[in-house]
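Counting from 1, one number per residue, gives the positions in the sequence shown under the numbering used here.
Glycine included, each C-beta is placed from N, C-alpha and C at the ideal position.
Since we're looking at a predicted model, the values are computed, not measured.
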Amino acid sequence: TAQKLKERQRQGAINEHRKAMQVMHTHPFSMENPNFKQHLVIARTEHAYVMLATRGALVKSHCFVVPIKQVSSTRLCQEEVFEDIQNFKSSLRRMFGANGQGIVFIETAAQGSRQWGKIEAIPVPLECEMDAPLYFKQALADVEGRVIDLSDKTIRKAIPETFPYFSCEWARGGL
Numbered sequence: 001t002a003q004k005l006k007e008r009q010r011q012g013a014i015n016e017h018r019k020a021m022q023v024m025h026t027h028p029f030s031m032e033n034p035n036f037k038q039h040l041v042i043a044r045t046e047h048a049y050v051m052l053a054t055r056g057a058l059v060k061s062h063c064f065v066v067p068i069k070q071v072s073s074t075r076l077c078q079e080e081v082f083e084d085i086q087n088f089k090s091s092l093r094r095m096f097g098a099n100g101q102g103i104v105f106i107e108t109a110a111q112g113s114r115q116w117g118k119i120e121a122i123p124v125p126l127e128c129e130m131d132a133p134l135y136f137k138q139a140l141a142d143v144e145g146r147v148i149d150l151s152d153k154t155i156r157k158a159i160p161e162t163f164p165y166f167s168c169e170w171a172r173g174g175l
């Protein structure tokens with residue numbers, strides 16, 4: 001009946017809200033998590049922040065660019081969040097460039113209610129950054145799937161909203 005359908009929809013909405021609140025209070029990238037490592041945040045805007053990597057850092061200055069509100073990929077962020085992320089990426093390029101280093105940005109986007117979109121920013125020697133296209137194209141050629149060159153377009157224009165993806169970007173382009 002219509003009343004049962006309405007009640008089922010209400011229960012569904014309540015369950016979704018509970019799941020979202022649980023993620024917000026337990027996920028390591030959520031600033032609402034009581035165990036959030038605030039001391040690792042090195043820059044913050046209204047919509048995103050940059051945080052030093054805690055576990056699994058590849059190099060000393062390995063960091064994450066993270067949207068403040070949970071979203072499963074940066075592809076799905078609202079325009080102002082995406083802008084803040086792009087500004088952080090530009091700032092990191094300038095900062096590491098001033099120190100004679102390059103930088104590689106990596107994002108793995110998957111679907112799921114606990115997924116929190118983030119971009120890993122990994123400083124590398126300039127020679128490695130110049131060779132990055134060769135390494136990534138070779139590695140991705142060995143994997144089944146489609147490789148999209150992002151040197152002349154943004155990820156938002158190249159990849160449909162709900163698709164999972166792996167993205168890598170460097171100063172002179174990206175995949």
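Per DSSP, reduced to three states, the secondary structure at R10 is helical. In the displayed model, P164 falls within coil according to three-state DSSP, outside both helix and strand. Shown here, F64 sits in a strand according to DSSP, grouped into three states. Assignment of V104 by DSSP, reduced to helix, strand and coil, places it in the strand class.
As a beta-bridge residue in DSSP terms, V50 pairs with A43 and V65. By DSSP's assignment, A109 forms a beta bridge with Y165. With respect to the C-alpha of I122, the residue from A13, S30, F64 and H25 having the closest C-alpha is F64.
In the structure shown, the three-state DSSP call for E144 is coil.
In the DSSP assignment, E32 falls outside any beta strand (DSSP E), carrying neither H nor E.
For V81, the enclosing alpha helix (DSSP H) begins and ends at E79 to A98. Shown here, V71 sits in coil according to DSSP, grouped into three states, outside any helix or strand. In this structure, A48 keeps its C-beta atom at 7 Å or more from the C-beta atom of P28. With respect to the 7 Å criterion, G100 and S72 are not classified as neighbours on the basis of their beta carbons. Apart from sequence neighbours up to five positions away, the residues of its chain that approach W170 with a beta-carbon distance below 6 Å are V104, E129 and A132, ordered along the chain.
Pairing H39 with E32 gives a Cβ-Cβ distance that is not under 7 Å. For A158, the uninterrupted alpha helix (DSSP H) run begins and ends at I155 to A158, by DSSP. When DSSP states are grouped into helix, strand and coil, A121 belongs to the strand group.
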